[in-house]
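*Asks:*
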Amino acid sequence: MHAFGQILRTEAKLYLRDIPTLMLTVALPTLILVVLGLIPSLREPSPEFGNQSFVTYFTPSLLVVTLAMVGINALPTVLATYRERGILRRLATTPASPLALLTAQLVLALVGILASAVLLAVIARLAFGTPLPQHPLGFAVALVLGTAALLAVGLLVAAVAPTAKAAQALAVPLFMVTMFFGGVYLPRFLLPDFLADIGAYTPPGVQALLDAWTGTAPHPLHLGIMAVIAVAAGAAAARLFRWE
Amino acid sequence: MPVIEVTSLHKRYGETVAVADVSFDVEAGEIFGVLGPNGAGKTTTVECVAGLRVPDGGGVSVLGLDPRRDATRLRQLVGVQLQESQLPDRLRVAEALELYASFYREPADPTQLIGELGLDEKRNTPYEKLSGGQKQRLSIALALVGNPRIAILDELTTGLDPQARRDTWGLIERVRDRGVTILLVTHFMEEAERLCDRLAVIDKGRVVALDTPAGLVSAVAPEQRVRFRPSTPLDDRLLTGLPQVTAVTRSGGQIVVTGTGDVLHAVTSVLARHQITAAELRLEQATLDDAFVELTGRRFVD
Ligand SMILES: Nc1ncnc2c1ncn2[C@@H]1O[C@H](COP(=O)(O)OP(=O)(O)O)[C@@H](O)[C@H]1O
Ligand SMILES: [Mg+2]
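As given, the protein sequences belong to chains B and G, one line each in that order. The first sequence: position 18 = 18 (the UniProt record's numbering), numbered continuously. The second sequence: position 115 = 115 (the UniProt record's numbering), numbered continuously.
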């Protein structure tokens with residue numbers, strides 16, 4: 001337990017020292033929100049968005065940025081780097097379990113996501129009057145399951161990528177797909193219906209986040225799919241994971 | 001009783017036989033070397049001892065325990081420095097040691113260890129800013145921070161400049177003096193000769209010799225040659241009468257004395273007694289390099 005605490009503390013310090021990653025994971029969605037919010041027309045309510053402003057409508061999609069950055073980019077890259085540099089292998093020669101390092105990385109990913117989500121919701125509320133998530137329980141469940149699904153996919157990438165370069169090569173297309181279906185590149189109302197529908201079922205499940213934010217209970221099927229992806233990808237990652 | 005016993009170890013990677021047949025015992029408190037050219041199977045051998053790899057045949061016992069089955073107990077007792085293992089770039093020296101210290105039941109004091117390894121001024125320096133020698137010293141420190149009874153060190157001076165290499169040797173001797181048994185992998189003859197109490201020479205996955213460095217050398221090339229130019233003419237019989245001397249020849253104005261044992265001392269004593277000084281005095285001795293050529297029929301290539 002002492003060892004796990006020390007590993008967590010050390011990994012947290014390393015995370016905080018890596019300013020670019022910290023910015024990309026925690027601050028980027030809020031920065032995008034602020035930049036968009038500076039454009040007056042995007043702050044006007046519009047019938048197209050159910051009488052909300054575009055900024056409000058777009059906020060859940062910005063959450064996808066964080067989730068994809070942490071789950072698909074940062075986590076696999078860190079773990080693949082650790083494997084490539086023999087850090088996991090060396091740890092395996094000590095009484096500490098490399099599993100403790102993996103757990104610490106997951107804890108930090110969750111903390112990063114949570115910090116980013118809170119920052120985004122608070123700034124959206126204070127600066128642009130975007131209401132906080134209206135269905136808090138549904139939102140929490142959707143966020144947890146969506147996060148779990150994305151982290152599991154990230155672990156799968158980390159499990160099969162022998163080097164940091166390989167991890168990034170795998171992560172980039174996954175990242176683009178996640179961002180696209182999450183409605184980050186093109187707002188989802190511009191996507192054809194069937195593409196927007198697909199986004200409901202690709203991690204992290206932006207439709208469930210959107211529904212919960214605007215006050216509707218998320219669709220159980222949307223949540224269920226995220227749970228299935230989380231378990232399936234997580235199990236595959238556990239089977240395929242190599243310490244060296 | 002040996003602290004490490006390796007018996008008929010065999011290990012393959014697919015079709016490649018990395019270790020064909022390796023056996024040796026390491027006694028408590030010694031520096032035992034595993035010497036051989038690149039690809040000989042040294043790393044594979046010690047990684048089996050460290051429990052990182054599963055042998056395909058033969059047995060390994062460390063402190064009477066099985067490296068795989070008793071891994072949990074052995075990890076408290078064996079410190080390992082792997083070839084080619086690094087740390088995160090932004091991790092600082094003191095943090096690395098405190099982290100590794102937290103893994104062990106009875107760790108050494110990180111601060112004291114940092115001092116002993118001459119890293120005091122670098123305690124807050126990130127890993128990426130350390131020189132090669134400093135990284136290597138930190139890596140040794142991490143292998144020692146658990147107060148192990150055995151330290152396994154793989155190629156610890158590869159890539160270091162000669163000064164850093166010599167400093168590291170001094171450090172290893174001090175560690176041994178604290179009672180730690182050291183299993184040292186190297187492909188440097190000079191390092192093996194200087195540091196090891198005994199060593200196993202490995203070639204193509206087999207032990208070709210196992211002895212002290214001096215024993216290895218004298219087994220293959222027991223003779224030494226002393227050359228000098230005497231200050232006054234000298235009767236050969238003064239030298240041929242010595243028990244250590246086997247032959248005396250002359251080439252030019254030089255005398256070449258061939259012999260065994262402490263022939264140099266015997267010759268210089270005789271000369272001193274007759275008030276003859278020896279100019280251009282040279283001792284020609286076989287080295288571990290010569291021994292390796294003799295044992296394997298090849299020059300030792302890095
Ligand atoms: N993980 C591995 N997979 C396949 N072959 C390996 C692996 N590790 C080592 N080898 C091969 O096994 C042989 C012995 O390697 P190694 O034990 O690293 O030798 P040394 O440490 O003496 O240089 C070499 O031919 C090497 O290419
Ligand atoms: Mg090696």
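By construction, the Cβ of each residue, glycine as well, lies at the ideal position given by its N, Cα and C atoms. Given the structure is predicted, the values throughout are model-derived calculations rather than measurements.
1) Rounded to the nearest angstrom, how far is the Cβ of residue 304/G from that of His10/G, given a contact under 8 Å?
2) I want to see whether chain G comes within less than 8 Å of Gly112/B, judged by CB atoms only; does it?
3) Tell me whether Glu48/B sits in a helix, a strand or coil according to DSSP, three-state version.
4) The segment 1 to 12 of chain B: which residues have C-beta closer than 8 Å to a C-beta of chain G, in chain order?
5) Helix or strand or just coil, what does DSSP make of Asp302/G?
6) Please tell me whether Ala104/B and Val34/B are closer than 8 Å, where the distance is taken between their beta carbons.
7) Considering only heavy atoms of ligand 1, does any lie closer than 7 Å to the CB of Ala92/B?
8) Are any of the Cβ atoms in chain G nearer than 8 Å to that of Ala115/B?
9) Kindly list, in the order they appear in chain G, the residues whose Cβ is closer than 8 Å to that of Pro20/B.
10) Which one of Tyr185/B, Val153/B, Ile198/B and Ala212/B has the shortest CA to CA distance from Ala232/B?
11) Using only alpha-carbon positions, find the residue among Arg12/G, Glu294/G and Met1/G that is nearest to Thr44/G.
12) Closer than 7 Å by beta-carbon distance: list the chain B residues that pair up with Phe103/G, in chain order.
13) On the criterion of 16 or more Cβ atoms from any shown chain inside 10 Å, does Ile182/G qualify as buried, or is it exposed?
14) Residues of chain D with a CB under 7 Å from the CB of Arg17/B: which are they?
15) To which residues of the same chain is Asp197/G closer than 6 Å at the C-beta, ignoring the five residues directly before and after it?
16) Would you say Ile72/B faces chain G, with C-beta separation under 8 Å as the test?
17) Ser8/G lies in the beta strand (DSSP E); which residues open and close that run?
18) Any heavy atom of ligand 2 closer than 7 Å to the Cβ of Gln81/G?
19) Using a beta-carbon distance below 8 Å, is Ala94/G in contact with chain B?
20) Three-state secondary structure (DSSP) at residue 363/G?
21) For Leu102/B, which beta-bridge partners are listed by DSSP?
22) Determine the direct distance from the alpha carbon of Pro37/G to that of Asp302/G, and round the result to whole angstroms.
23) Give the residues whose C-beta lies closer than 6 Å to at least one heavy atom of ligand 1, in chain order.
24) How about the segment 153 to 168 of chain B and the segment 88 to 96 of chain B: do they share at least three Cβ pairs that are nearer than 8 Å?
25) Scan the segment 50 to 66 of chain G for residues whose Cβ lies nearer than 9 Å to a Cβ of chain B and list them as they occur along the chain.
26) With a threshold of 8 Å between beta-carbons, can Arg85/B be considered close to chain G, or not?
27) Does Thr155/B get closer than 8 Å to chain G when you measure Cβ to Cβ?
28) Restricting to runs no shorter than 4 residues, where is the alpha helix (DSSP H) found entirely within the segment 20 to 95 of chain B?
29) Tell me whether Glu27/G counts as near ligand 2, meaning its Cβ is closer than 7 Å to at least one heavy atom of that ligand.
30) On the three-state DSSP scale, how would you describe Asp66/G?
31) Who are the Cβ neighbours of His222/B in its own chain at under 6 Å, not counting the five residues just before and after it?
32) Closest Cβ-Cβ distance between Leu14/B and chain G: below 8 Å?
33) Below 6 Å CB to CB, which residues in the same chain sit around Leu238/G once its five sequence neighbours on both sides are set aside?
34) Shortest alpha-carbon distance to Arg239/B belongs to which of Leu120/B, Leu155/B and Thr214/B?
35) DSSP state of Leu283/G, grouped into three classes?
36) In this structure, does DSSP put Arg105/G in helix, strand or coil?
*Replies:* According to the structure shown:
1) There is simply no residue 304/G to check, as chain G begins at 1 and stops at 302 in what is shown.
2) Against the first sequence, residue 112/B aligns to sequence position 112. No - not a single Cβ of chain G is within 8 Å of the one on Gly112/B.
3) Mapped onto the first sequence, residue 48/B falls at position 48. Of the three classes helix, strand and coil, the one that applies to Glu48/B here is helix, per DSSP.
4) His2, Ala3, Gly5, Gln6, Ile7 and Thr10
5) Taking the first residue of the second sequence as position 1, residue 302/G is located at position 302. Residue confidence is low: Asp302/G scores 49 on pLDDT, short of 50, so the model does not pin down where it sits. Its coordinate-derived value is still stated next. Coil, per DSSP.
6) The residue you call residue 104/B lines up with position 104 of the first sequence. The residue you call residue 34/B lines up with position 34 of the first sequence. Taking 8 Å as the Cβ cut-off, Ala104/B and Val34/B do not qualify as a contacting pair.
7) Here residue 92/B corresponds to residue number 92 of the first sequence, with the count starting at 1. Ala92/B: no, Cβ never under 7 Å from ligand 1.
8) Within the first sequence, numbered from 1, the residue matching residue 115/B stands at position 115. With 8 Å as the cut-off, Ala115/B does not count as an interface residue toward chain G.
9) Reading the first sequence from its first residue, position 20 is the one you call residue 20/B. Here the premise fails: no neighbours, minimum Cβ distance about 12 Å.
10) To locate residue 232/B, count along the first sequence from 1; it is residue 232. Ala232/B has its Cα closest to that of Val153/B, out of Tyr185/B, Val153/B, Ile198/B and Ala212/B.
11) If you number the second sequence from 1, residue 44/G lands on position 44. Ranking Arg12/G, Glu294/G and Met1/G by Cα distance to Thr44/G puts Arg12/G first.
12) Mapped onto the second sequence, residue 103/G falls at position 103. Within 7 Å Cβ-Cβ: Ala3, Thr94, Pro95 and Ala96.
13) Taking the second sequence and counting its residues from 1, the one referred to as residue 182/G is at position 182. It counts as buried.
14) Looking for chain D here will not work: the only protein chains present are B and G.
15) Stepping through the second sequence from its first residue, residue 197/G is reached at position 197. Around Asp197/G: Glu30 and Ile31.
16) As a working note, residue 72/B is residue 72 in the first sequence. Ile72/B does not count as touching chain G.
17) Position 8 of the second sequence holds residue 8/G. Where Ser8/G is concerned, the enclosing beta strand (DSSP E) stretches over Pro2 to Tyr13.
18) For the purposes of this step, residue 81/G is taken as residue 81 along the second sequence, with counting starting at 1. No, ligand 2 has no heavy atom inside 7 Å of this Cβ.
19) Numbered from 1 along the second sequence, position 94 holds the residue referred to as residue 94/G. Output row for Ala94/G: interface = no.
20) Coverage of chain G is limited to positions 1 through 302, which leaves residue 363/G absent and any answer about it impossible.
21) One-based indexing of the first sequence puts residue 102/B at position 102. Answer by DSSP bridge pairing: none, since Leu102/B is not bridged.
22) Stepping through the second sequence from its first residue, residue 302/G is reached at position 302. Stepping through the second sequence from its first residue, residue 37/G is reached at position 37. Because the pLDDT of Asp302/G is 49, which lies under 50, any placement of that residue in the model is unreliable, and the number read from its coordinates should be weighed accordingly. Taking the straight line from one Cα to the other gives about 6 Å.
23) Tyr13/G, Thr16/G, Ala18/G, Gly36/G, Asn38/G, Gly39/G, Ala40/G, Gly41/G, Lys42/G, Thr43/G and Thr44/G
24) no
25) Ala50, Gly51 and Leu52
26) One-based indexing of the first sequence puts residue 85/B at position 85. Cβ-Cβ to chain G under 8 Å: yes for Arg85/B.
27) On the first sequence, position 155 is the one that residue 155/B refers to. Checking the sequence, you will find Leu at residue 155/B rather than Thr. It does not; no Cβ of chain G falls within 8 Å.
28) 28 to 37, 54 to 68, 75 to 84 and 87 to 92
29) Here the question's residue 27/G lines up with position 27 in the second sequence. No, since every heavy atom of ligand 2 falls outside the 7 Å radius drawn around the Cβ of Glu27/G.
30) In the second sequence, the residue the question calls residue 66/G occupies position 66. Note: Asp66/G maps to coil in three-state DSSP.
31) Taking the first residue of the first sequence as position 1, residue 222/B is located at position 222. Once the five neighbours on either side are set aside, the close Cβ partners of His222/B are Ala200, Gly205, Gln207 and Ala208.
32) Your numbering for residue 14/B matches position 14 in the first sequence. Yes, contact with chain G.
33) Within the second sequence, the letter at position 238 stands for residue 238/G. The answer, listed in chain order, is Val270.
34) Taking the first sequence and counting its residues from 1, the one referred to as residue 239/B is at position 239. Considering only alpha carbons, the answer is Leu155/B.
35) Translated into the one-based positions of the second sequence, residue 283/G becomes position 283. Residue state, collapsed to three classes: strand.
36) As a working mapping, residue 105/G is identified with position 105 in the second sequence. Coil at Arg105/G, not helix or strand.
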